[in-house]
Amino acid sequence: MTSSLKVFSVLWGDKYPPAYVYALKEAVEKNLKTPHEFVCITTQVLPGIDTVNPWVSWPGWWQKLGLFCPQITSGPSLYFDLDTVITGPLDYLVKYTKHDLAAPANWAQSGHGGIQSSVLAWSGKWHEPYERFDFQKDSARLWGDQEFLIELRGDNFVKLPGVYSYKYHARGKGVPDDCSVLCFHGKPDPHEVEEKWLLQYTQTLRSNIK
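In the working numbering, the protein residues as written are 235 to 444.
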């Protein structure tokens, strides 16, 4: 892959339909003016979306560690979970792609790692998560990819601002003033929320969910 900015998503398993990929792509294109290529890691055919086959077959959230494979990323990269909702400008995130790893701090403080992997920025030069992860051993002892990333980095990762949790920061309140990315973890999914302030951001998604 070239060194131009890549924006990645992952469609793996049956948790989300392709409508989530299309909605995310539309939102990224609207809010990211920096030239970029939107790429979905998936085995599915998605007309109008650039796709790349997964380099690993790790299930669930472990698939995200495959993003650090040198055959997938070798230049500045951003990643968004499919259940993130873009609510504001994204260009400020580009400067964080000079780092090995930049991510939001884990707002839940649930004991599952101090990093939140719903949104990631990295240089494409750090491949340790892919190279060191042993699925059989590590998936049995760790709760998820976030714990593995923290095991590798400790607190030595750059914190991404402007990323918030719907449950912790926005439910019943509205979008925080400096929020550009709103993360939905667990239930409800974005298309299930009826709060009026959110509908302007989820209109495309809701109209395409069958």
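Glycine included, each C-beta is placed from N, C-alpha and C at the ideal position.
Which complete beta strand (DSSP E) runs does the segment 335-394 hold, if anything under 3 residues is left out? Within the segment 335-394, the complete beta strand (DSSP E) runs of at least 3 residues are 353-356.
What residues in its chain sit with their C-beta under 7 Å from that of S332, if we drop five residues either side in the sequence? Correcting the residue type first, residue 332 is Lys in the shown sequence and not Ser. In the same chain as K332, and ignoring 5 residues on each side of it, the C-beta atoms closer than 7 Å to its own belong to S357, in chain order.
Here's the rule: buried if 16 or more other CB atoms are within 10 angstroms of the residue's CB, otherwise exposed. What is Q370? With fewer than 16 other Cβ atoms within 10 Å, it is exposed.
With a 10 Å radius around its C-beta and 16 neighbouring C-beta atoms as the bar for buried, classify G348 as buried or exposed. Buried: at least 16 other Cβ atoms inside 10 Å.
By DSSP, does L312 sit in helix, in strand, or in coil? Strand, per DSSP.
Can you give me the C-alpha to C-alpha distance between L299 and G396, rounded to a whole angstrom? C-alpha separation (whole angstroms): 23 Å.
Three or more beta-carbon pairs under 8 Å between the segment 372-382 and the segment 405-425, yes or no? Under the three-pair Cβ rule at 8 Å, the segment 372-382 does not count as touching the segment 405-425.
When burial is assigned at 16 or more other CB atoms within 10 Å of the CB, is Y326 buried or exposed? It counts as exposed.
Three-state secondary structure assigned by DSSP to S211: For residue 211 there is no data in the structure shown, the boundaries of the chain being 235 and 444.
Separation of V392 from E385, as counted between CA atoms: Near 15 Å, if we compare the C-alpha coordinates of V392 and E385.
Counted within 10 angstroms of its Cβ, other Cβ atoms place L301 as buried (16 or more) or exposed: Burial of L301 is indicated by the presence of at least 16 other C-beta atoms within 10 angstroms of its C-beta.
Going by DSSP in three states, T236 sits in which element: helix, strand or coil? Low confidence applies to T236: its pLDDT is 43, below 50, so where it sits in the model is not reliable enough to give any reading.
Endpoints, the alpha helix (DSSP H) within which S441 is located: That run of the alpha helix (DSSP H) goes 430-442.
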